[in-house]
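As given, the protein sequences belong to chains A and B, one line each in that order.
Residue numbers for the first sequence follow our numbering, beginning at 1 and rising by one.
Residue numbers for the second sequence follow our numbering, beginning at 335 and rising by one.
A virtual CB, placed ideally from N, CA and C, is assigned to each residue, including glycine.
A short write-up of the structure that comes next.
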Amino acid sequence: MVQYHPTPRTRKTLAFSQPMPVPLSSQKALREWRIYLFVIPSLFLVAIFSYFPAISAVYHSFFDWEGGDFKRFIGFDNFTRAFADRELWNSFFTIGVLVVANIFKLIPSIFTAVLIHRLISDKWQYWYRVLVVIPMIVPGLVTLFIWKFFFDPNMGILNNVIEGLGLKGLLVAMNDAMGWNVFREGLPIGWLSQPDLIIPSLVIWGFPWIGAVGVLIYLAGLQSIGEEVYESAEIDGANWWQKFVYIEFPLILTQIRLTLVLLIIGTLQGFGLQYLLLGMDGGAGGRGMVPGLWMFNRAFGAGQFGYACAIGMILFVFILGLTYINNKYVRVEK
Amino acid sequence: MSSMVKGSRRSEMVKHSLIWAVLLFELLPLYMMAQISFKDNSTFLKQPWFPTEIASWQWENYAFAFKLIVPYIANTVFVAVTGTLLSLTLSICGAYFFARYKVPGSTFLWAAFLFLMLMPGVANLVPLFNLLKNLNLLNTLWALIILGVAGGQVFNIYVLRNFIEDIPKDLFEAAEIDGASHLSQIWNVVVPMSGPIIGTLAILSFLGKWNDFLMPLLVLRDKELFTLGVGLIYLDGEYVKHWGRIMAAFVVSSLPILVIFLFTMRLFVRGLSSGAVKG
């Protein structure tokens, strides 16, 4: 059910009778004109609320526009300004770091899925799946705010744990040795207020980085592995790591690529996390500034709507390029 | 898998304990939320980790939370339910159009739909806001509903088309011979045959609207119209923080999804995996 693959039998029957959609000649289509009525509402909505804003964004990126009636055509000025915008390039650097970190954050989900899959008991496999999904009942925003609370310097859990385990002394010693200047004796650690700690905090965020959706997707992929594959591996004396490298990993590669692509595009676009944790200015020193947030900031903070559209265009081209590369070099079977 | 021998009892125990170790960390935020919701700030400072005895639980936190959150929940339910129903109705019709016949123009329209999947929504944000302003939809719940319906079309139609195409053609033709219109073919053939996928899409769509906060934050101004997302952001923004109250509000805002989860656990678990795979 998870991925629809026609079984050999259905494929054969489909070959005998003509599969849908049934081709109609234009004459017949004229008689069946009512069928067009069914797509019109969706089309209408998509045209107005997806295509129109997109075209409008392209158009307005060439204007000096503050969101009101007045606008002035300025050619490529917004784009030349963007290319010289240090804040924008820094934000691309930050998002690059976060993308790389997020790629590593896929690993725990993969291992959890493999562990669940290798259990003998089907019943436990099912219940672990349910337990993995449970955090999803909490609205995403709530998870975000709970983590924000974990990072709180005075009442937060993270500092509590670090003090409790006696790690604070170690951190301070490392700080003095490396000259980080972020951990100080007798002062609570300001995870989200120290400029140099903002990116590390965003990386730690969400530990142990289990994505319910990811785990379920990998489990779906793992299910296609037949028992005989494991049995022959067993006979060859493969250990658990070899089984992972030679059997499981290749078979869920499709799923891993898929989640990877979704993750990279999602991270590039996303700025809700940074906005809610750090505010519109990207936190102290703007260290948490990401391109989406900079666009948001220019539009709704500074009222430079035209320039914000230009940033959106740059982001769009960036993501489109990645999608193109992905479609060309990374095949995801449907 | 159960029939095969994949290892000794000891290796099973190792796997179970590893999974539990991960799950404990994963569920820690939920545990903290639940236990802090019964404390006031001073009890929390004294005992941050474990629940206190029931006699000292601060039920007052929940009184505060219900009073604050229930109106937000009502707004969110209105947006999410109306949005999900409209979105699915329209996308079933749209998917029927693409799946049933191949008529002139349908290939072009399909391409036009698929292209939207490549467009990052974030670039549209500014013009979209302006469009809503011009349509006089700012500060209305209908803005959120319409945006949700429009935004969900591509993904839903994409998934549903595959499923409708797999329904045996004979069923449609039999209905046609009986004189069924397209509308009644949808109602009598498509809907009964693709129940589970419709349920799955409904849950995904509902969850998406429930978790949305960016658009509500931009669109809504009046406190009476706040959806859950905006309400929680404002709650978090308060200067003096009563963590117990805040956590109680978080618990209350999770209750509706918990109820849905209890009733549709299988659909939920399947929906999350199939939805993303199909995307």
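Proximity of residue i and residue j at Cβ, strictly below 8 Å
| i | j | result |
| --- | --- | --- |
| Ile-511/B | Val-413/B | no |
| Gln-269/A | Gly-455/B | yes |
| Leu-141/A | Phe-547/B | yes |
| Asn-395/B | Leu-559/B | no |
| Leu-277/A | Leu-192/A | yes |
| Ala-308/A | Ala-299/A | yes |
| Ile-252/A | Leu-293/A | no |
| Ser-56/A | Pro-461/B | yes |
| Phe-62/A | Phe-73/A | yes |
| Glu-441/B | Ile-537/B | It is Thr, not Glu, that sits at residue 441/B in the sequence shown. Cβ atoms of Thr-441/B and Ile-537/B: not closer than 8 Å. |
| Lys-543/B | Gly-417/B | yes |
| Val-133/A | Val-603/B | yes |
| Ile-319/A | Phe-595/B | no |
| Leu-43/A | Tyr-435/B | no |
| Gly-67/A | Asn-468/B | no |
Chain-ordered neighbours of residue i on chain A, where CB pairs are closer than 8 Å
| i | result |
| --- | --- |
| Gln-487/B | Ser-42, Leu-45 and Val-46 |
Chain B contact residues for residue i, given Cβ-Cβ distances below 9 Å
| i | result |
| --- | --- |
| Ser-56/A | Asn-458, Val-460, Pro-461, Leu-462, Asn-464 and Leu-465 |
| Met-155/A | Asn-375, Phe-378, Leu-379, Pro-382, Lys-575 and Trp-577 |
| Asn-181/A | Here the premise fails: no neighbours, minimum Cβ distance about 28 Å. |
| Asn-160/A | Pro-382 and Trp-383 |
Residue i: CB within 7 Å of a non-hydrogen atom of the ligand FAD
| i | result |
| --- | --- |
| Asp-546/B | The ligand FAD is not among the ligands present in this structure, which contains no ligands whatsoever. |
Residue-level contact to chain B via CB, residue i, 8 Å cutoff
| i | result |
| --- | --- |
| Gln-242/A | no |
| Ala-29/A | yes |
| Arg-81/A | no |
| Pro-250/A | no |
8 Å Cβ shell around residue i - same chain, five flanking residues per side excluded
| i | result |
| --- | --- |
| Gly-129/A | Here residue 129/A is Arg; the residue named in the question, Gly, does not match the sequence. Closer than 8 Å at Cβ, skipping near neighbours: Ile-116, Val-215, Leu-216 and Leu-219. |
| Ile-580/B | Leu-569 and Asp-570 |
| Phe-378/B | Ile-370, Trp-577 and Gly-578 |
| Glu-360/B | none |
Test: residue i CB closer than 8 Å to a CB of chain A
| i | result |
| --- | --- |
| Leu-424/B | yes |
| Val-493/B | no |
| Tyr-430/B | yes |
| Lys-340/B | Reliability of the predicted coordinates at Lys-340/B is poor, the pLDDT of 47 falling under 50, and no value is obtained from them. |
| Gly-533/B | no |
| Ile-480/B | yes |
| Thr-441/B | no |
| Ser-390/B | no |
| Val-483/B | yes |
| Leu-559/B | no |
Residue i versus residue j: straight-line alpha-carbon distance, rounded
| i | j | result |
| --- | --- | --- |
| Leu-569/B | Trp-393/B | 19 Å |
| Gln-304/A | Cys-427/B | 40 Å |
| Pro-590/B | Pro-139/A | 10 Å |
| Val-213/A | Met-20/A | 31 Å |
| Met-367/B | Tyr-59/A | 47 Å |
| Tyr-275/A | Ile-95/A | 13 Å |
| Phe-38/A | Leu-424/B | 8 Å |
| Gly-513/B | Glu-507/B | 10 Å |
| Glu-572/B | Gly-565/B | 11 Å |
| Ile-357/B | Arg-34/A | The sequence as given places Leu at residue 357/B; Ile does not occur at that position. When rounded, the distance between both Cα atoms is 53 Å. |
| Asp-236/A | Tyr-246/A | 12 Å |
| Ala-302/A | Leu-459/B | 15 Å |
| Lys-349/B | Leu-119/A | 7 Å |
| Asp-77/A | Asp-64/A | 9 Å |
| Gly-563/B | Leu-551/B | 8 Å |
| Ile-265/A | Ser-91/A | 15 Å |
| Met-289/A | Gln-194/A | 14 Å |
| Gln-255/A | Phe-249/A | 10 Å |
Partners in chain A for residue i, counting only beta-carbon separations shorter than 7 Å
| i | result |
| --- | --- |
| Asn-395/B | Within 7 Å Cβ-Cβ: nothing; Asn-395/B doesn't reach chain A, min ~15 Å. |
| Gly-563/B | Leu-141 |
| Met-366/B | Ile-146 and Ile-157 |
Same chain only: Cβ atoms within 6 Å of residue i, ignoring 5 sequence neighbours per side
| i | result |
| --- | --- |
| Trp-205/A | Trp-147 |
| Lys-612/B | Residue confidence for Lys-612/B is low, a pLDDT of 42 falling below 50, so the modelled location carries little weight; the figure read from the coordinates is stated next. So the list reads Val-493, once near-sequence residues are dropped. |
| Val-261/A | Asn-326 |
| Asn-102/A | Leu-263 and Thr-267 |
| Asp-353/A | Absent from the model: residue 353/A. The displayed extent of chain A is 1 to 334, so no value can be given. |
| Leu-582/B | As written in the sequence, residue 582/B is Ala, which differs from the Leu given in the question. Excluding sequence neighbours, Ala-582/B sits near Ser-371, Asn-395, Tyr-396 and Ala-399. |
Chain-ordered neighbours of residue i on chain B, where CB pairs are closer than 8 Å
| i | result |
| --- | --- |
| Leu-32/A | The question names Leu, yet the displayed sequence has Glu at residue 32/A. The contacting residues are Tyr-435 and Val-437. |
| Phe-207/A | Phe-359 |
| Arg-129/A | Val-603 |
| Val-22/A | Arg-434, Tyr-435, Lys-436 and Lys-503 |
Beta-carbon neighbours of residue i, restricted to chain A and to distances below 9 Å
| i | result |
| --- | --- |
| Leu-419/B | What Leu-419/B touches in chain A: nothing, since even the nearest Cβ is about 13 Å away. |
| His-516/B | Glu-32, Arg-34, Ile-35, Leu-37 and Phe-38 |
| Phe-412/B | Those do not exist, as Phe-412/B stays about 16 Å from chain A at its closest Cβ, beyond 9 Å. |
| Ser-539/B | What Ser-539/B touches in chain A: nothing, since even the nearest Cβ is about 14 Å away. |
Sequence-distant residues of the same chain with beta carbon closer than 7 Å to residue i, five excluded per side
| i | result |
| --- | --- |
| Asn-159/A | Pro-153, Pro-188 and Ile-189 |
Listed by chain order, chain C residues near residue i by CB distance under 9 Å
| i | result |
| --- | --- |
| Glu-499/B | Absent from the structure: chain C. Protein chains present are A and B. |
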